[in-house]
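Mind the numbering: the sequence shown is residues 501 to 757 in my numbering, read in order.
Here the structure is laid out as structure tokens; the discussion comes afterwards.
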Amino acid sequence: MLQDTLDLMPLWAFVAACGVTLAAGFVKGAVGFAMPLVMISGLSLFLDPLVAVAGIILPIVLSNVLQVMRFSWSQAGEAVKEFWRYIVIICVMILISAQFVTMIPAHVFYLVLGVPTVTLSLIQLIGVRFRVAPKWRNASEWIVGLISGTIGGLTGTWGPPTVLFLIALDTPKAKQMLVQGVVYGLGSVTLLVGHLQSGVLNAVTIPWSAALLIPGYLGMQMGFWMSDRMNAAVFRRATLVVLIVAGANLVRRGLLG
């Protein structure tokens, strides 16, 4: 079984994967999200999409645990209480859509995530701000959660719509980091369960995913150091730039292969 894991990729690809994971962990620590997005974008350059999806699962569980641990249990509980609708629909849709991931052609896989990420992020970066009126808050959580969870189960990342939704709610930087950690943490555990069921995560791919925990952890610690030194305006722009760059690479892969 171990030999099957070693046969997933040549040594150079594993080393490159560790580098991608280190960079993804740094981005995650700095802006609070995008680890799976950066990993999928980078790993898919030289690995099969399903191997890439399997690889991201354990590192994103760890990264979100580390992110939530920077806050108190009471703060995390308040975040769950406030966003419970969003969390519930995301987890349900991740479990459902993860079962279809092996049926999705690779180019569709990339475009489903890349196109909306780049489009919505560019709109906001040039100055257009989406805002959710208080009266539409509950309905918007169900709608955005449905979209996020569906994308998350298929691609392994539901960060872009979540971040854009939090920005539309004018969520402060610290609270945004907390809410993202809670939403992604619970969602990543759901994703793990979903892909144990789908077969993407199995006895061969679990050791591969576990091996990426170390570079993911180191990257997160460096990212936390950077995040503590960014003001809110820089934080928001950095978040959108990360989304655009990673999303554009996915679109390129979807169109050009």
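Backbone N, C-alpha and C fix where the C-beta goes; we use that ideal spot for every residue, glycine too.
Please classify residue i as buried or exposed, where buried requires at least 16 neighbouring CB atoms within 10 angstroms.
i: Ser544; result: buried
i: Ser574; result: exposed
i: Leu756; result: exposed
i: Ile446; result: This structure cannot settle anything about residue 446, because the visible part of the chain is limited to 501 through 757.
i: Ala639; result: exposed
i: Leu511; result: exposed
i: Ile491; result: What the structure shows of the chain is the stretch from 501 to 757, and residue 491 is not part of that stretch, so it cannot be assessed.
i: Gly577; result: exposed
i: Arg637; result: exposed
i: Met509; result: buried
Among the candidates the options, whose CA atom is the shortest distance from the CA of residue i?
i: Phe713; options: Asp507, Leu506, Ala523 and Met509; result: A small correction: the amino acid at residue 713 is Leu; Phe does not occupy that position in the sequence shown. Answer by Cα proximity: Ala523.
i: Glu641; options: Ala668, Glu578 and Val551; result: Ala668
i: Leu666; options: Tyr586, Tyr610 and Leu506; result: Tyr586
i: Ala748; options: Met730, Tyr610 and Thr671; result: Tyr610
i: Ile560; options: Ser727, Tyr717, Asp728 and Leu750; result: Tyr717
i: Ala530; options: Leu678, Ile596, Ala579 and Gln624; result: Leu678
i: Cys591; options: Asp728, Gly659 and Leu686; result: Leu686
i: Gly627; options: Leu740, Met569 and Lys581; result: Leu740
i: Val742; options: Phe533, Arg637, Ser727 and Arg753; result: Phe533
i: Gln624; options: Ala606, Pro605 and Asp670; result: Asp670
i: Asp507; options: Asp548, Val527, Leu654 and Arg729; result: Asp548
i: Ala837; options: Asn702, Lys673, Ala517 and Met722; result: Here the chain has residues from 501 to 757 only, and residue 837 is not among them.
i: Phe583; options: Ile596, Gln721, Leu562 and Val644; result: Val644
i: Leu696; options: Ala576, Ile596, Phe514 and Leu562; result: Ile596
i: Leu622; options: Arg737, Gly754 and Arg753; result: Arg737
i: Gln676; options: Arg570, Arg753 and Val608; result: Arg570
Would you please state the rounded distance, in angstroms, between the beta carbons of residue i and residue j? I believe it to be under 8 angstroms.
i: Gly525; j: Met535; result: 6 angstroms
i: Val615; j: Val745; result: Wrong, their Cβ atoms sit about 15 angstroms apart, outside the cutoff.
i: Ala633; j: Gly694; result: So it is not a contact: roughly 33 angstroms between Cβ atoms.
i: Ser662; j: Ile594; result: The identity of residue 662 in the sequence shown is Thr, whereas the question assumes Ser. With 8 angstroms as the limit, Thr662 and Ile594 do not qualify as a contact, their Cβ atoms being about 12 angstroms apart.
i: Ile557; j: Leu692; result: 5 angstroms
i: Pro660; j: Thr617; result: 4 angstroms
i: Gly723; j: Lys528; result: 6 angstroms
Ordered along the chain, which non-local residues of its own chain (more than five positions away) have a Cβ less than 7 angstroms from that of residue i?
i: Thr657; result: Pro536, Leu537, Ile540 and Leu613
i: Thr505; result: Val704, Pro707 and Trp708
Excluding five sequence neighbours on each side, which residues of the same chain lie with their C-beta closer than 6 angstroms to the C-beta of residue i?
i: Gln567; result: Gly681
i: Val553; result: Gly656 and Val700
i: Tyr684; result: Asn564
i: Phe630; result: Ala668
i: Ile647; result: Pro661
i: Ser572; result: none
i: Pro715; result: Cys518, Thr521 and Leu522
i: Ala579; result: Leu678, Val679 and Val682
Less than 8 angstroms between C-beta atoms, sequence neighbours within five positions excluded: which residues of the same chain meet that for residue i?
i: Ala550; result: Rather than Ala, the amino acid found at residue 550 in this sequence is Leu. If we look at Leu550 and ignore the five residues flanking it on each side, its Cβ neighbours are Val601, Thr602 and Val700.
i: Ile604; result: Val612 and Leu654
Does the beta-carbon of residue i, which I'm using as the reference point, lie nearer than 8 angstroms to any heavy atom of the ligand MG?
i: Ile651; result: For the ligand MG, the structure offers nothing, since it holds no ligand at all.
### Task
Please specify which runs of the alpha helix (DSSP H), each continuous and at least 4 residues long, are wholly inside the stretch 564-644, giving them in chain order.
As far as the stretch 564-644 is concerned, its whole alpha helix (DSSP H) runs of at least 4 residues are 573-582, 584-597 and 606-625.
### Query
Which full runs of the alpha helix (DSSP H) of 4+ residues lie inside the stretch 669-728, going along the chain?
Scanning the stretch 669-728 for uninterrupted alpha helix (DSSP H) segments of 4 residues or longer gives 673-698, 705-711 and 713-727, listed from N- to C-terminal end.
### Task
Can you check the stretch 511-546 for any alpha helix (DSSP H) of at least 4 residues that lies completely inside it and give the ranges in chain order?
Fully enclosed alpha helix (DSSP H) runs of no fewer than 4 residues occupy 511-531 and 535-543 of the stretch 511-546, in order along the chain.
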